[in-house]
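Student:
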Amino acid sequence: MANTPAPHDDSGVHRKHTNPVLVFGILTIATIFEVVVTLFHLPQNVIVPILLAIAFVKAGLVAAYYMHLRYEKWIYTAIFITPALFAVFLIFTLAV
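Per my numbering, numbering of the sequence shown is gapless, rising by one per residue and ending at 1449.
(1) Leaving out the 5 sequence neighbours to the left and right, which residues in its chain are closer than 7 angstroms to Ile1379 when beta-carbon positions are compared?
(2) Do the region 1407–1423 and the region 1383–1391 touch if we need at least three Cβ pairs shorter than 8 angstroms?
(3) For Leu1404, which residues from the same chain have a beta carbon less than 8 angstroms from its beta carbon, with the 5 sequence-adjacent residues on both sides left out?
(4) Closer than 8 angstroms is the cut-off here; do at least three beta carbon pairs connect the region 1391–1402 with the region 1421–1440?
(5) Where Phe1442 and Leu1375 are concerned, what is the direct C-alpha to C-alpha distance, given to the nearest angstrom?
(6) Does DSSP put Glu1425 in a helix, in a strand, or in coil?
(7) Do the CB positions of Tyr1458 and Pro1373 come within less than 8 angstroms of each other?
(8) From Lys1338 to Pro1402, what distance separates their C-alpha atoms?
(9) Using C-beta distances below 8 angstroms, list every residue in its chain close to Ala1448, excluding the 5 sequence neighbours before and after it, in chain order.
(10) Between the alpha carbons of Thr1371 and Phe1445, how many angstroms are there, rounded?
In structure tokens, the structure reads:
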């Protein structure tokens, strides 16, 4: 019985993957927003947290969709998110 196909389990969770062009469009809009924010001559203590927040949102989108963390098990996402949260805390602590 060497030619019998191996049974496979179809009970896994199937999620529809997001169109990467849509994510690219969102990232482009966020980048344009960053440029527009810098055109306003706001104080540095206002503009830096805004730009950092936008950058972290963009990094989260890249990690979630282009690195496919959104479709992985939660433990892989937790392994990625935990040091990222420490980095966010450290950057905001030093920036303010």
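Backbone N, C-alpha and C fix where the C-beta goes; we use that ideal spot for every residue, glycine too.
Tutor: By the coordinates alone:
(1) Here the set comprises Leu1414.
(2) yes
(3) Only Glu1387, Val1390 and Thr1391 meet the Cβ criterion.
(4) no
(5) 29 angstroms
(6) Assigned with DSSP and collapsed to three states, Glu1425 falls in coil, not helix or strand.
(7) The structure shown does not extend to residue 1458, since the chain is modelled only from 1354 to 1449, so the question has no answer here.
(8) Residue 1338 is absent from the structure shown; the chain starts at 1354 and stops at 1449.
(9) Val1401, Pro1402 and Leu1405
(10) 31 angstroms
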